[in-house]
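Add 385 to a position in the sequence shown, counting from 1, and you land on the number used in the working numbering. Inspection log for the structure reproduced underneath, given as structure tokens.
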Amino acid sequence: FGTETVVVRLNDRSNFEKFHELGALIIEPATVMVGLLEQFVRSPSAASLLLGMDEGQDVVDIELRNPALHGVALRELQLPLDTLVLSVHRKGDTIISHGYTQLELGDRITIVGKSGSLNEVMLRLEG
């Protein structure tokens with residue numbers, strides 16, 4: 386089906402290794418709840434944003450598929466002013482990006498912003 390991300394809610398800890406070998410994103414409910422509470426204590430605004438609690442704002446991952454943007458620095462994209470690139474995921478690594486970060490085909494770019502502007506960015510990056 387072309388599924389890129391598989392998320393598993395782990396009920397039995399003995400299955401962890403099997404799902405890990407398959408490359409699944411493993412969610413353990415108790416651990417997730419503790420992590421979420423910690424995030425709300427450290428940064429309530431960021432936690433609210435990431436959970437989609439701020440109306441009109443969203444966080445998305447967009448894969449760069451537009452060959453015309455390969456090698457282009459983020460600052461040259463001239464993204465809408467109400468969007469912000471949080472990070473670039475490349476070949477298993479997370480890059481905390483800046484304006485001089487050059488994009489490569491296949492990069493997964495995490496962006497926060499208003500829903501309408503994010504749709505515009507998606508169209509441009511996905512080509």
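C-beta atoms are modelled at their ideal positions from N, C-alpha and C, and glycine is treated no differently. Note that the structure is predicted; figures quoted are calculated from it, not measured.
In this model, Leu471 and Asp397 are separated by some 34 angstroms (Cα to Cα).
Contact annotation, His474 with Arg493: C-beta distance approximately 4 angstroms; criterion of less than 8 angstroms satisfied. Non-local beta-carbon contacts of Ser433 in its own chain, meaning distances under 6 angstroms to residues more than five positions away in sequence, involve Asp439 in chain order.
Looking at the backbone, the Cα of Leu469 and that of Ile481 are separated by about 12 angstroms. Residues of the same chain with a CB within less than 7 angstroms of the CB of His455, apart from the 5 flanking positions on each side, are Leu488, Glu489 and Leu490 in chain order. Only residues of its own chain outside the window of five on either side were considered, and among them Gly441 and Asp467 have a CB closer than 6 angstroms to the CB of Lys499, listed in chain order.
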